[in-house]
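Below is one structure, written out as structure tokens; the observations come after it.
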Amino acid sequence: MNVSGDRTFDAPRATVWQVMNDPESMAKTMPGVESFDVHDDRHWTANVKIPLGLGGLKMKVDMEKVEEREPEFAKMAIKGQGVGAMMNMETSFTLSDADAGGTAMAWSAEVKILGPVGSMGQRVLQPIVNQQVAQVLGALEKQVQEAAKPPVRVSGPGEGVSGEPGGSPEGSTP
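Listed below in structure tokens is the structure:
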């Protein structure tokens, strides 16, 4: 099963690259993550629960970044194993400057599901994959927007206080 698409982010390419290559940020984009372990900057493992009918499918998913050209391209190999299914996926993305500002992303994924779950066929699995992709892209948009926000400055003691006790009451005249 092949899926692909385009997305534009209202953020600089460096910000999008940072989010797309930060394991902690990416863990927040994956639906059903129950635990996430970073082994090094190229290898991660997640325990996920993929919604498939009653109860869902629990899977251990190993991710490896197999290629990268900062700040424009990365490719990952993902292998998952659970009761009744094995998944192999290769996914990649390319970032470029968008015409109207921000960052354009072209992405693609080739997903192979084997075992009894895989035997359900593409007609059954395609809507599930599409739903998962939509969730990931929505969560990714949120992560990029959070990363693009300027840091909030916290006032120190005594700052931001005018010395006035809340202004004058309504209707009072001196």
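Counting from 1 along the sequence shown, just add 10 to a position and that's the residue number in the numbering used here. Each residue gets a CB set at the ideal place from its N, CA and C atoms; glycine is no exception.
With DSSP run on the structure shown, which of helix, strand or coil describes Asn57?
Translated into positions along the sequence shown, residue 57 becomes position 47. The answer is strand: DSSP assigns Asn57 an E or B state.
Roughly how many whole angstroms lie between the Cα atoms of Ser118 and Asn12?
Here residue 118 refers to the residue found at position 108 of the sequence shown. Here residue 12 refers to the residue found at position 2 of the sequence shown. Those two C-alpha atoms are separated by around 7 Å.
For Gly111 versus Leu67, is the C-beta spacing smaller than 8 Å?
Residue 111 sits at position 101 when you count from the first residue of the sequence shown. Residue 67 sits at position 57 when you count from the first residue of the sequence shown. Result no, Cβ atoms of Gly111 and Leu67 do not sit closer than 8 Å.
Please go through the stretch 65-122 and give each complete beta strand (DSSP E) segment of 3 or more residues, from N-terminal end onward.
67-79, 83-92, 95-107
Leaving out five residues on either side along the sequence, give the residues of the same chain with a beta carbon under 8 Å from the beta carbon of Thr55.
Position 45 of the sequence shown holds residue 55. Result list for Thr55: Phe46, Asp47, His49, Lys70, Val71, Asp72, Met73, in chain order.
I'd like to check one pair, Thr18 with Val146: are the Cβ atoms closer than 8 Å?
As a position in the sequence shown, residue 146 is number 136, starting the count at 1. As a position in the sequence shown, residue 18 is number 8, starting the count at 1. In this structure, Thr18 does not lie closer than 8 Å to Val146 by Cβ.
Give the secondary structure of Val29 by DSSP, where H, G and I count as helix, E and B as strand, and everything else as coil.
Numbered from 1 along the sequence shown, position 19 holds the residue referred to as residue 29. Val29 falls in the helix class under three-state DSSP.
Burial state of Leu105, where buried means 16 or more other Cβ atoms lie within 10 Å
Locating residue 105 in the sequence shown gives position 95, where the first residue counts as 1. Buried, since its Cβ has 16 or more Cβ neighbours within 10 Å.
Determine the direct distance from the alpha carbon of Lys122 to that of Gly128, and round the result to whole angstroms.
Within the sequence shown, the letter at position 118 stands for residue 128. Within the sequence shown, the letter at position 112 stands for residue 122. Distance between the alpha carbons of Gly128 and Lys122 is about 8 Å.
Going by DSSP, name the residue or residues bridged to Ser45.
Position 35 of the sequence shown holds residue 45. According to DSSP, Ser45 bridges with Asn57.
Have a look at Asp109 and Asp20 and give me their C-alpha separation to the nearest angstrom.
By 1-based counting over the sequence shown, the position of residue 109 is 99. By 1-based counting over the sequence shown, the position of residue 20 is 10. When rounded, the distance between both Cα atoms is 11 Å.
In angstroms, rounded to a whole number, what distance separates the CA positions of Trp27 and Lys152?
Looking up residue 27 in the sequence shown gives position 17. Looking up residue 152 in the sequence shown gives position 142. When rounded, the distance between both Cα atoms is 14 Å.
From the DSSP output, read off the bridge partner residues of Asp16.
If you number the sequence shown from 1, residue 16 lands on position 6. Paired residues: Ala116.
Pick from Phe103, Gly92, Pro61: whose alpha carbon is nearest that of Phe83?
In the sequence shown, the residue the question calls residue 83 occupies position 73. Checked all of Phe103, Gly92, Pro61; the closest Cα to Phe83 is Phe103.
Which residue or residues does DSSP assign as beta-bridge partners of Asp50?
Indexing the sequence shown from 1 puts residue 50 at position 40. For Asp50, which the question treats as bridged, DSSP gives the partners His53.
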